[in-house]
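Structure, as structure tokens:
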Amino acid sequence: MPTPHIEVDKKGIIAETVIMPGDPLRAKFIAETFLENPVLFNTVRNMFGYTGTYKGKKISVMGSGMGMPSIGIYSYELFKFYDVQNIIRVGSCGAYTDEIDLYDVILVEEAYSESTFAKVMGGIDDEILKPSNELNKKLENAANSLNIKIHKGRIHSSDVFYRVNFEDYKKIRDTYGCIAVEMESFALFANAMVTGKNAACLLTVSDSLVTKKATSSEERMKSFTNMMKIALEMA
179 MPTPHIEVDK
189 KGIIAETVIM
199 PGDPLRAKFI
209 AETFLENPVL
219 FNTVRNMFGY
229 TGTYKGKKIS
239 VMGSGMGMPS
249 IGIYSYELFK
259 FYDVQNIIRV
269 GSCGAYTDEI
279 DLYDVILVEE
289 AYSESTFAKV
299 MGGIDDEILK
309 PSNELNKKLE
319 NAANSLNIKI
329 HKGRIHSSDV
339 FYRVNFEDYK
349 KIRDTYGCIA
359 VEMESFALFA
369 NAMVTGKNAA
379 CLLTVSDSLV
389 TKKATSSEER
399 MKSFTNMMKI
409 ALEMA
């Protein structure tokens, strides 16, 4: 049966491994650029999902939308109702340190958040959640095989994009050791925990809170290919 947000009515159409960008147009770009014979399986709310093959492996790619509530819905439905075993988020982030530049790739080792998502959704009290260690090892190996440099570290999963007190990021960075900020991975990791599945997150730096450098929306959709290649190679 279809779920409220995914129109697939039977198992097997969606692959066991799903690559999940936030932007559904980035999902479309990945499918059309990298996958062989991609088939569109979801258009509900224009949250596009595709299944195809990459180097002979069956892979799906689907957008998550922005923020923890949105990725929380899509990742839970994929894990719970479609036998998805692995979700790899490929998203954008803002750098919290000038040691990380635009287009650099980050492999998330931990996600800190002030969010109550994990507590409300699954009774998880922790404010720092981890991805799958096995997936992270595979992603790091894939990056090495492709000669793509990655940063590894803890990131901040924020509930909000705009803060009245912009300088708050410095306290979060210094207190929790976060090297960048995004808005989804904490919820993804929580859903993986409660469903007994696997999740990981690769991020590309789209802007810097320190240097104020930034990329355009088109660049974010079409130019963040290194993290896509790593995820596809690992999957």
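Position 152, counted from 1, in the sequence shown is what my numbering calls 330; the numbers after and before it change by one each time, with no gaps. Yeah, the Cβ is synthetic: ideal placement off N, Cα and C, and Gly gets one too. As the structure is a computational prediction, the values presented were derived from the model and not from experiment.
Grouping DSSP H, G and I as helix and E and B as strand, with all else coil, what is residue i?
{"i": "Ala193", "result": "coil"}
{"i": "Asp385", "result": "strand"}
{"i": "Ile402", "result": "Just to set this straight, residue 402 is Phe in the shown sequence, not Ile. Coil at Phe402, not helix or strand."}
{"i": "Tyr260", "result": "coil"}
{"i": "Ala378", "result": "strand"}
{"i": "Ala413", "result": "coil"}
{"i": "Ile184", "result": "coil"}
{"i": "Ile249", "result": "helix"}
{"i": "Ile215", "result": "The question names Ile, but residue 215 is Asn in the sequence shown. Strand."}
Measure the alpha-carbon distance for residue i versus residue j and round it to whole angstroms.
{"i": "Asn322", "j": "Gly331", "result": "17 Å"}
{"i": "Lys308", "j": "Thr211", "result": "30 Å"}
{"i": "Val286", "j": "Ile333", "result": "7 Å"}
{"i": "Glu345", "j": "Tyr354", "result": "15 Å"}
{"i": "Asn343", "j": "Gly234", "result": "49 Å"}
{"i": "Phe226", "j": "Asn325", "result": "30 Å"}
{"i": "Leu317", "j": "Met371", "result": "19 Å"}
{"i": "Tyr228", "j": "Ala320", "result": "22 Å"}
{"i": "Asp282", "j": "Asn376", "result": "24 Å"}
{"i": "Ile265", "j": "Val388", "result": "30 Å"}
{"i": "Ser293", "j": "Ser336", "result": "7 Å"}
{"i": "Pro180", "j": "Glu312", "result": "30 Å"}
{"i": "Tyr260", "j": "Val222", "result": "16 Å"}
{"i": "Pro199", "j": "Val268", "result": "5 Å"}
{"i": "Val298", "j": "Val262", "result": "23 Å"}
{"i": "Glu214", "j": "Thr231", "result": "5 Å"}
{"i": "Lys407", "j": "Ala209", "result": "12 Å"}
Tell me whether residue i is buried or exposed, calling it buried when 16 or more other Cβ atoms sit within 10 Å of its Cβ.
{"i": "Met246", "result": "buried"}
{"i": "Phe402", "result": "buried"}
{"i": "Val196", "result": "buried"}
{"i": "Pro216", "result": "buried"}
{"i": "Ser395", "result": "exposed"}
Which partner residues does residue i have in the DSSP bridge list?
{"i": "Asn220", "result": "Gly227"}
Restricting to Cα atoms, I'd like to know which of the options is closest to residue i.
{"i": "Met399", "options": "Ser270, Glu277 and Ile192", "result": "Ser270"}
{"i": "Ile306", "options": "Asp279, Phe367, Ala209 and Arg341", "result": "Phe367"}
{"i": "His418", "options": "Met198, Asn224 and Lys206", "result": "In the structure displayed, the chain extends from 179 to 413; residue 418 sits before or after that span and is not available."}
Is residue i a contact residue of the ligand NAP, with contact defined as CB to any heavy atom under 8 Å?
{"i": "Phe367", "result": "Ligands are entirely absent from the displayed structure, and the ligand NAP is therefore not among its contents."}
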